[in-house]
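Colleague: Take this structure, written in structure tokens, and hold onto it; I'll ask about it next.
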Amino acid sequence: MTISIAIATSYRRPAPCAVPPFSGSLLSFDNQPSNRAMKLKPFLTQAASVLRRLDQILPPEQREPDWQAIAFRWQKHGNGGLLTALPRPHTFPLARLCAISPQTQRLVRNTEQFLAGRSANNALLTGARGTGKSSLIKALLHEYAERGLRLIEVDKHDLAGLPALLDLLAPRSEKFIVFCDDLSFEDGEDSYKALKTALDGGLSRRADNVLVYATSNRRHLMPEHMTDNFARTGERGEVHPQEAVEEKVSLSDRFGLWLSFYPFSQEDYLAAAESWLADAGLPLDDTARRAALQWAQMRGSRSGRTAYQFACDWAGRLPHEREVD
Numbered sequence: 075m076t077i078s079i080a081i082a083t084s085y086r087r088p089a090p091c092a093v094p095p096f097s098g099s100l101l102s103f104d105n106q107p108s109n110r111a112m113k114l115k116p117f118l119t120q121a122a123s124v125l126r127r128l129d130q131i132l133p134p135e136q137r138e139p140d141w142q143a144i145a146f147r148w149q150k151h152g153n154g155g156l157l158t159a160l161p162r163p164h165t166f167p168l169a170r171l172c173a174i175s176p177q178t179q180r181l182v183r184n185t186e187q188f189l190a191g192r193s194a195n196n197a198l199l200t201g202a203r204g205t206g207k208s209s210l211i212k213a214l215l216h217e218y219a220e221r222g223l224r225l226i227e228v229d230k231h232d233l234a235g236l237p238a239l240l241d242l243l244a245p246r247s248e249k250f251i252v253f254c255d256d257l258s259f260e261d262g263e264d265s266y267k268a269l270k271t272a273l274d275g276g277l278s279r280r281a282d283n284v285l286v287y288a289t290s291n292r293r294h295l296m297p298e299h300m301t302d303n304f305a306r307t308g309e310r311g312e313v314h315p316q317e318a319v320e321e322k323v324s325l326s327d328r329f330g331l332w333l334s335f336y337p338f339s340q341e342d343y344l345a346a347a348e349s350w351l352a353d354a355g356l357p358l359d360d361t362a363r364r365a366a367l368q369w370a371q372m373r374g375s376r377s378g379r380t381a382y383q384f385a386c387d388w389a390g391r392l393p394h395e396r397e398v399d
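Under my numbering, think of the first position of the sequence shown as 75, with each following residue one higher.
This is the structure in structure tokens:
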């Protein structure tokens, strides 16, 4: 027996509704289970596709973050995001850092003002690679976690979710540093606009318990081209080129505290290597000193990162292997 559901072949709405006529059957199936499944399969496939798309747009299930943690990672998801606790943050004492005393003093002072509830600035740390920019921010967590400092790592691709993050942090009593490591933007990227709003607060007042500390090898965070120095007009040029240049530098201008880092001298590099070796219980003797200099020469760089990498290699060797290659 076959059951049919049909719509009349010449159905028309009364005037004045100008709806095209519809003809044909809406759904037709028989009482055989296999046939019913075949009829429903295209519909179920399309429904599953719609649900997958909605899952990408809708915010995830909101779970209360583990506020007992001292470090977090923020990831944008749809119109919101997820704040995930990091159980083993990489931190170490400020005393471990070498050759960046002026920068350390200024950032520590700014951070202590922030923790005391006084005015403080967002900070941009720029300069040579491997010179301690990120390490300095991580070390702050080691020093001040007991005073309520918390660190939240945010990748540049997740910056569009900053407004949701700030709303989540606003009622908390802790002090949060939003940490954007190795921050820079290429032509065509627009995620920096959410960061600009977070730095200045937009129409709403800037959060009292949140600062942004960012590191970058670029002082202005945006790519700068030689052609930016020349006013250009025409079919493919900017009508107001100076305004385009101003847009590029406006992001870094919103950081109130700028700290510059420079390449290490040989003495600074050896001091950093000695500090990291001491952490492993090893001295910087003559053999280790020569090996450290050779390591830097092979890497073509003298920096705190290079010193740390040398110390990892030297400490990992067996005693009879600790010799100059």
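The beta carbon of each residue, even a glycine, is placed where N, CA and C say it ideally should be. All figures in this text were calculated on a predicted structure; none of them were measured in a lab.
Using DSSP's beta-bridge definition, name the partner residues of residue 289.
Modeller: The sequence position of residue 289 within the sequence shown is 215, counting from 1. Answer is 199, bridged to residue 289.
Colleague: Find out if the Cβ-Cβ distance for the pair residue 158, residue 146 is shorter than 8 Å.
Modeller: Within the sequence shown, residue 158 is the residue found at index 84, counting from 1. Within the sequence shown, residue 146 is the residue found at index 72, counting from 1. Contact flag set, yes.
Colleague: Is the beta carbon of residue 223 closer than 8 Å to that of residue 251?
Modeller: Here residue 251 corresponds to residue number 177 of the sequence shown, with the count starting at 1. Here residue 223 corresponds to residue number 149 of the sequence shown, with the count starting at 1. Taking a C-beta distance under 8 Å as the contact criterion, residue 251 and residue 223 qualify as a contact pair.
Colleague: Evaluate the contact criterion for the segment 252-260 versus the segment 169-181: three or more CB pairs, one atom per stretch, below 8 Å.
Modeller: Touching, no, given that fewer than three Cβ pairs across the two stretches are closer than 8 Å.
Colleague: Should the segment 332-344 be regarded as contacting the segment 377-388, the criterion being three or more beta carbon pairs within less than 8 Å?
Modeller: yes
Colleague: Need the endpoints of the beta strand (DSSP E) that residue 334 sits in, please.
Modeller: By one-based count along the sequence shown, residue 334 stands at place 260. From DSSP, the beta strand (DSSP E) with residue 334 extends over 331-335.
Colleague: My output table needs one value for residue 24: the three-state DSSP class, helix, strand or coil.
Modeller: Outside the shown range of the chain, which is 75 to 399, sits residue 24, and nothing can be said about it.
Colleague: Does residue 124 pass the burial test, meaning 16 or more other C-beta atoms within 10 Å, or should it be called exposed?
Modeller: Stepping through the sequence shown from its first residue, residue 124 is reached at position 50. Residue 124 is exposed by the Cβ-count criterion.
Colleague: Counting pairs of beta carbons, one from the segment 320-340 and one from the segment 177-193, are three or more of them closer than 8 Å?
Modeller: These segments touch.
Colleague: For the putative contact between residue 196 and residue 273, defined by C-beta atoms under 8 Å, what is the C-beta separation to the nearest angstrom?
Modeller: Counting from one through the sequence shown, the residue named residue 196 turns up at place 122. Counting from one through the sequence shown, the residue named residue 273 turns up at place 199. Indeed, because the Cβ distance is near 5 Å, the residues count as touching under 8 Å.
Colleague: In whole angstroms, what separates the C-alpha of residue 139 from that of residue 241?
Modeller: Mapped onto the sequence shown, residue 139 falls at position 65. Mapped onto the sequence shown, residue 241 falls at position 167. Approximately 14 Å between the Cα atoms of the pair.
Colleague: State the start and end residues of the unbroken beta strand (DSSP E) segment that holds residue 227.
Modeller: The sequence position of residue 227 within the sequence shown is 153, counting from 1. Its beta strand (DSSP E) spans residues 223-228.
Colleague: Taking the beta strand (DSSP E) that residue 151 falls in, what are its first and last residues?
Modeller: Residue numbering aside, residue 151 sits at position 77 when the sequence shown is read from its first letter. First-last of the beta strand (DSSP E) with residue 151: 145-151.
Colleague: With DSSP collapsed to three states, give me the class of residue 174.
Modeller: Position 100 of the sequence shown holds residue 174. Residue state, collapsed to three classes: coil.
Colleague: Once the 5 residues before and after residue 215 are set aside, which same chain residues still bring their CB inside 7 Å of it?
Modeller: Indexing the sequence shown from 1 puts residue 215 at position 141. Excluding residues within five positions, the ones whose Cβ falls inside 7 Å are 144, 145, 163, 165, 223 and 225.
Colleague: Rounded to whole angstroms, what is the Cα-Cα separation between residue 366 and residue 338?
Modeller: Here residue 366 refers to the residue found at position 292 when the sequence shown is read from its first residue. Here residue 338 refers to the residue found at position 264 when the sequence shown is read from its first residue. Residue 366 and residue 338: Cα-Cα distance of roughly 14 Å.
Colleague: Grab the span of the beta strand (DSSP E) containing residue 158 for me, first residue to last.
Modeller: The residue you call residue 158 lines up with position 84 of the sequence shown. Segment 154-159, the beta strand (DSSP E) holding residue 158.
Colleague: Considering only C-alpha positions, which residue in the set 171, 220 and 201 is nearest to residue 213?
Modeller: Translated into the one-based positions of the sequence shown, residue 213 becomes position 139. The candidate whose alpha carbon is nearest that of residue 213 is 171.
Colleague: Cβ atoms of residue 326 and residue 199: under 8 Å apart, would you say?
Modeller: In the sequence shown, the residue the question calls residue 199 occupies position 125. In the sequence shown, the residue the question calls residue 326 occupies position 252. No. Outside cutoff.
Colleague: Looking at residue 335: is its Cβ nearer than 8 Å to the Cβ of residue 169?
Modeller: Start at 1 with the first residue of the sequence shown, and residue 335 comes out as number 261. Start at 1 with the first residue of the sequence shown, and residue 169 comes out as number 95. No. Outside cutoff.
Colleague: Can you tell me the Cα-Cα spacing of residue 116 and residue 279, whole angstroms?
Modeller: Looking up residue 116 in the sequence shown gives position 42. Looking up residue 279 in the sequence shown gives position 205. Roughly 51 Å between the two C-alpha positions.
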